[in-house]
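Worksheet for the structure shown next.
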Amino acid sequence: MSAAPVLRARDLSRRYDSFPALSSLDLEVGGGELVALVGPNGAGKTTFLTIAAGLLEPSSGAVEIAGFAAGSIEARRALSYLPDTPVFYEDLSVAEHLGYVAALHGVGEPGPRIDALLNGLGLTGWDEALPGELSHGMRQKASIALALVRPFSILLADEPFDGLDPPSRAALLELLARARRDAGATVILSTHRPDVLAAASRCVGIRDGQLAYDGVADEAAISEFFSD
Amino acid sequence: MASGEGGVEAATIAALREMRRARRRRYVEEIDLMEALYRIYLGAVFGAIALGVLGGLIHEAPATDQAVEWLRHEGTAVLGAVVAVAVMIGLRTGARGGPLAIEAAEVQYVLMAPLRRSIALRATALRQLRIAALAGLVLGAAAGNFVFRRLPGSPVEWIACLALFCALVPVALLAAASVASGRRWGASAAGLLGLLLVAWSGADIIFASATSPATMLGALATLPLQGGGGVAMASLGTVLVIGLAAIGLLGLGGIRLEAARRRAALAAELRFSAAMQDLRTVVLLRRQLASERPRRHPWLRLASERSTRYPVWRRGWQSFLRWPSARLLRVALIGIVSGVALAAAWRAAPLALFIPGALLFVAALDLIEPLAQESDHPTRRRLLPSSPDWLVRGGLAAPAAATTLVAAIATVSAAIAGGGSTALVVGLLLWVPVGLGLACCAAFSATADPFAYLLTPQIGYAVTAAPPVLAALLVGAPLFAARETQRLGGSPEGAALGAGIFVAVSAAVGAWFLGRRFEQRDAVVG
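Written as structure tokens, this is what we have:
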């Protein structure tokens, strides 16, 4: 882990009415890590990711992204967020979406980047399609492309492999590895998939809103975490 | 570094503007001209009919000196109280994340971009203010056109003042909402502030003063009756609203994304439901937008909770007993306002007796929810070991009883508001049949299939419009008959009794038809 963490969550809690979704969670993630966030359904993974993305406010505690408060302009510049449910403008094509998001993040010449992503994710030929014309898996791929088309130093991805076929999963893992290798980006993703866990440099387990495991993505340890 | 970041933001703003322009262009290009013209034609026809009816309701005889004096001295404060209530609604809306309802994608991509959110949201907020102000302007000008014929003052003065006043009221509401949303005020703080303003305006009515900012705006609406002091006060009120709007616009960036995402999802469904004329879903989503959720613990638990007797009847009351206080208050308030309006209409404008029925229909739509939910689940209904009409007619009982209670509130309110013993007796004869009739109308509306008339939208419009119109007639016609009988020297109680029996029989026939509708629908599905 590098000296300055890219993500730092301190004493993070979030309640929905009387239900505690997160309780006093502390976590630091350094540059270039690929962290797999695991936990049973309802453990608080999505809540943690949306708070870190600045979309949800904690009941107490705070998250810093690259040293800035989550949700601040600086944090938004550093962070890319891939939601669990793809979100689109229904009247924009895939290519228009990508061009727009790239422009919003100041990417000067997004053409080559867009082509590379479309190609890498198997979306070639679908660039002029409207969201309504895409299958569930294609929508997920387009959503992934939207998260990757802009520069970032940390990517938060909520179940990014859902709905993807094995070749697409492999392609996404390759894209994430390239982002880490080439730009030193950090990736935090929630998943239940063993193949993704194997690729992760670190595994963080959340249960009942609390940090229950933090270590290597070792299959035996993860099995034990889920069996507890 | 700072200038670099400024450059990036400028590029981001340019991209945002360009995309919005392009999307607007595409939207305009895709508009079906004939469809748009048809809608304008329909709007013009119904608008003309509404204006004609309104013209008939408002006699052009000049107002009495007494009425003019009342307007001059108390009208300002009363209108100010209306403004205060609008601001209170705005503050509550803002505390729940309103007034903007942004697309989910706009939240995900624009509000998450490295760009000041106040800049990103400004165009949307300004458009919302513009539309609201324009609608108010037109409505106010139309009202001014009727008012100048009855009150002293020139037509230009009345039309201009009322147009400006009606334009500024929704602006005040939206501005208050923007301030509360941008400053992230909690529901309690916003509600308390709104209540304080309403109380302040209420004090102005009681003490015949003009100290509340809302009363100052109220002065604008009665300006043609005021002297020079009125101009200063109205100007101050106008400046305050514009100032509030400016503060709201400047603070837009403080919006809670959590609320924005929730509103985005609900607003999209709301637009779709409105487009489908699905009144019940509109009410349902409106409730969700207002964060109205059932209480975790009911107001009281039914003693027979574990009993197996009368399950449908109990299910209805279990639903009502989990209503949040805001919904209870709203329905009770509808009953009170309807009663007061009926008393006023009885005295001054008998044709206006038909208006409160539409208002009571809104309350009935809330009350019919348990039955409407049965309509949402045809499979569950068809798996029951009994015919659907049993479930539907049984499901009508609890809402009908509750609607009857609202009709009783209206009756008592009408009696207190000056209707006296006549209102009480007529109301007592009518509240049960009217309650039953309203429940039937709401049931027909809430259980209508919004997709049944996709190929014949004109029939769809008629099916959507029929229940509220019938509700207006069910409430208005018996009262109108009683009022006319009294005017002609007859017994209003006798007329009310006859009309009540007719309404009760109509409601029973309606309930039977409702059961048939479900039987036929399930038979088609099966």
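As you go down the protein sequences, you meet chains Y and Z in turn.
Counting along the first sequence from 1, when you hit position 179 you're at 179 in this note's numbering, and nothing is skipped either side.
With the second sequence counted from 1, adding 1000 to any position gets you this note's numbering.
Glycine included, every Cβ here is placed at the ideal spot set by N, Cα and C.
Inset, instruction - Could you please give the first and the last residue of the uninterrupted beta strand (DSSP E) stretch that includes Z/I1119? - result: Stepping through the second sequence from its first residue, residue 1119 of chain Z is reached at position 119. Where Z/I1119 is concerned, there is no enclosing beta strand (DSSP E), although the alpha helix (DSSP H) it sits in stretches over 1117 to 1147.
Legend entry - Among Y/T85, Y/R150, Y/L82, Y/V6, the one whose alpha carbon lies nearest that of Y/A28: Translated into positions along the first sequence, residue 28 of chain Y becomes position 28. In the sequence as displayed, the identity of residue 28 of chain Y is Glu instead of Ala. Taking only the C-alpha atoms, the option nearest Y/E28 is Y/V6.
Inset, instruction - Give the residues of chain Y in contact with Z/Q1108, contact being defined as C-beta atoms less than 7 angstroms apart. - result: For this step, residue 1108 of chain Z is matched to residue 108 along the second sequence. What Z/Q1108 touches in chain Y: P83, V87.
Legend entry - Best match in Y/A70, Y/V204, Y/A179, Y/S168 for proximity to Y/S121 [C-alpha to C-alpha]: Position 121 of the first sequence, counting from 1, holds the residue named residue 121 of chain Y. According to the sequence displayed, residue 121 of chain Y carries Leu and not Ser. It is Y/S168.
Inset, instruction - Measure the CB-CB distance between Y/H192 and Y/V38 and report whether it falls below 8 angstroms. - result: Counted from its first residue, the first sequence places residue 192 of chain Y at position 192. Counted from its first residue, the first sequence places residue 38 of chain Y at position 38. Contact: yes.
Inset, instruction - Give the DSSP-derived three-state secondary structure of Y/F239 in the structure shown. - result: An answer regarding residue 239 of chain Y cannot be provided, because it is not within the stretch 1 to 228 covered by chain Y.
Legend entry - Under 8 angstroms from the C-beta of Z/E1103: neighbouring residues of chain Y: Reading the second sequence from its first residue, position 103 is the one you call residue 1103 of chain Z. Y89, listed in chain order.
Inset, instruction - Quick one: give me the first and last residue of the alpha helix (DSSP H) that Y/Y100 is part of. - result: Translated into positions along the first sequence, residue 100 of chain Y becomes position 100. Unbroken alpha helix (DSSP H) run through Y/Y100: 94 to 104.
Legend entry - Through-space distance from Z/P1155 to Y/R15, alpha-carbon basis: Within the first sequence, residue 15 of chain Y is the residue found at index 15, counting from 1. Within the second sequence, residue 1155 of chain Z is the residue found at index 155, counting from 1. Those two C-alpha atoms are separated by around 58 angstroms.
Legend entry - For Z/Q1108, the three-state DSSP class (helix, strand or coil): Here residue 1108 of chain Z refers to the residue found at position 108 of the second sequence. Helix, per DSSP.
Legend entry - Beta-carbon proximity of Y/T47 to Y/A21, cut-off 8 angstroms: On the first sequence, position 47 is the one that residue 47 of chain Y refers to. On the first sequence, position 21 is the one that residue 21 of chain Y refers to. Cβ atoms of Y/T47 and Y/A21: closer than 8 angstroms.
Inset, instruction - Kindly indicate which three-state DSSP category Y/G61 falls into: helix, strand or coil? - result: Walking along the first sequence from the start, residue 61 of chain Y turns up at place 61. It is a strand residue.
Legend entry - CB contact check: Z/T1124 to chain Y, cutoff 8 angstroms: For the purposes of this step, residue 1124 of chain Z is taken as residue 124 along the second sequence, with counting starting at 1. Not closer than 8 angstroms to any Cβ of chain Y, the Cβ of Z/T1124 fails to qualify, so no.
Legend entry - Span of the alpha helix (DSSP H), counted from its first residue to its last, around Z/L1279: Locating residue 1279 of chain Z in the second sequence gives position 279, where the first residue counts as 1. Element bounds for Z/L1279: 1279 to 1289.
Inset, instruction - Give every residue of the same chain whose Cβ lies closer than 6 angstroms to the Cβ of Z/P1099, excluding the five residues on either side of it in the sequence, and list them in chain order. - result: On the second sequence, position 99 is the one that residue 1099 of chain Z refers to. So the list reads T1093, L1174, A1177, once near-sequence residues are dropped.
Legend entry - Beta carbon of Z/A1214 nearer than 8 angstroms to that of Z/G1097: Here residue 1214 of chain Z refers to the residue found at position 214 of the second sequence. Here residue 1097 of chain Z refers to the residue found at position 97 of the second sequence. It is not a contact, given that the beta carbons lie outside the stated cut-off.
Legend entry - Contact set between the region 1253 to 1266 of chain Z and chain Y, restricted to residues whose Cβ is under 8 angstroms from the partner: R1256, L1257, E1258, R1261
Legend entry - Partner residues on chain Y for Z/L1016, Cβ-Cβ distance less than 8 angstroms: If you number the second sequence from 1, residue 1016 of chain Z lands on position 16. Residues of chain Y passing the Cβ test: L104.
Inset, instruction - Could you check the C-alpha separation between Z/G1526 and Z/L1396 for me, to the nearest Å? - result: Here residue 1526 of chain Z refers to the residue found at position 526 of the second sequence. Here residue 1396 of chain Z refers to the residue found at position 396 of the second sequence. Bear in mind that a pLDDT of 47 at Z/G1526, under 50, signals an unreliable position, so the number given afterwards is only what the model happens to contain. Roughly 24 angstroms separates the two Cα atoms.
Inset, instruction - Check the Cβ-Cβ distances between Z/G1526 and every residue of chain Y, and say whether any is below 8 angstroms. - result: Taking the second sequence and counting its residues from 1, one reaches residue 1526 of chain Z at position 526. Below a pLDDT of 50, predicted positions are generally treated as unreliable, and Z/G1526, at 47, falls in that range; no measurement from the model is reported.
Legend entry - Of the listed residues Z/I1501, Z/W1323, Z/E1157, Z/H1073, nearest to Z/A1210 (C-alpha basis): Within the second sequence, numbered from 1, the residue matching residue 1210 of chain Z stands at position 210. Answer by Cα proximity: Z/H1073.
Inset, instruction - Step through the CB atoms of chain B and report whether any lies within less than 8 angstroms of the CB of Y/L148. - result: Absence of chain B from the displayed structure is noted, the protein chains being Y and Z.
Inset, instruction - Would you grab the beta carbon distance between Z/A1141 and Z/L1162 for me? Rounded to a whole angstrom, and I think it's under 8 angstroms. - result: Walking along the second sequence from the start, residue 1141 of chain Z turns up at place 141. Walking along the second sequence from the start, residue 1162 of chain Z turns up at place 162. Contact holds; Cβ gap of about 7 angstroms.
Legend entry - Candidates Y/G54, Y/A62, Y/A4, of which the one nearest Y/S23 by Cα: On the first sequence, residue 23 of chain Y is found 23 positions in, with the first residue counted as 1. With distances taken between Cα atoms, Y/S23 lies closest to Y/A62.
Legend entry - Residues of its chain near Y/A157, where Cβ-Cβ distance is below 6 angstroms and the 5 sequence neighbours each way are ignored: Here the question's residue 157 of chain Y lines up with position 157 in the first sequence. The answer, listed in chain order, is L82, L189.
Inset, instruction - Compute the Euclidean distance between the alpha carbons of Z/T1447 and Y/V196, then round it to the nearest angstrom. - result: Counted from its first residue, the second sequence places residue 1447 of chain Z at position 447. Counted from its first residue, the first sequence places residue 196 of chain Y at position 196. The straight-line gap from Cα to Cα measures roughly 48 angstroms.
Legend entry - Y/D195 - DSSP class collapsed to helix/strand/coil: Taking the first sequence and counting its residues from 1, one reaches residue 195 of chain Y at position 195. Here Y/D195 sits in helix by DSSP.
Legend entry - Neighbourhood of Z/A1260 by C-beta, 8 angstroms cutoff - its chain only, sequence neighbours within 5 removed: Counting from one through the second sequence, the residue named residue 1260 of chain Z turns up at place 260. If we look at Z/A1260 and ignore the five residues flanking it on each side, its Cβ neighbours are G1097, L1100, I1102, V1107, L1111.
Legend entry - C-alpha distance - Y/E74 paired with Z/R1116, whole-angstrom precision: The count along the first sequence starts at 1 and reaches residue 74 of chain Y at position 74. The count along the second sequence starts at 1 and reaches residue 1116 of chain Z at position 116. C-alpha separation (whole angstroms): 11 angstroms.
Legend entry - Status (buried if at least 16 other CB within 10 Å, exposed otherwise) for Z/H1297: As a first step, residue 1297 of chain Z must be located in the second sequence, where it is residue number 297. Exposed, by the Cβ-count rule.
Inset, instruction - For Y/D214, write down the residues that DSSP places opposite it in a beta bridge. - result: Looking up residue 214 of chain Y in the first sequence gives position 214. Beta-bridge pairing links Y/D214 to Y/V204.
Legend entry - CA nearest to the CA of Z/R1393, picked from Z/I1409, Z/T1411, Z/V1406, Z/E1374: Your numbering for residue 1393 of chain Z matches position 393 in the second sequence. For the residues Z/I1409, Z/T1411, Z/V1406, Z/E1374, the minimum Cα distance to Z/R1393 belongs to Z/E1374.
Legend entry - DSSP bridge partner residues for Y/A36 (one or two, in chain order): Position 36 of the first sequence holds residue 36 of chain Y. Note: Y/A36 sits in a beta bridge opposite Y/L189, Y/C203.
Inset, instruction - For chain Z, find out if any of its Cβ atoms is closer than 8 angstroms to the Cβ of Y/I154; answer yes or no. - result: In the first sequence, the residue the question calls residue 154 of chain Y occupies position 154. No, Y/I154 lies away from the interface with chain Z (no Cβ there is under 8 angstroms from its Cβ).
Inset, instruction - Can you tell me which of Z/A1363, Z/I1416, Z/A1133, Z/G1498 puts its alpha carbon nearest to the alpha carbon of Z/A1472? - result: Translated into positions along the second sequence, residue 1472 of chain Z becomes position 472. Considering only alpha carbons, the answer is Z/A1363.
Legend entry - Counted within 10 angstroms of its Cβ, other Cβ atoms place Z/L1529 as buried (16 or more) or exposed: No answer is possible for residue 1529 of chain Z: it lies beyond the span of chain Z, which begins at 1001 and ends at 1526.
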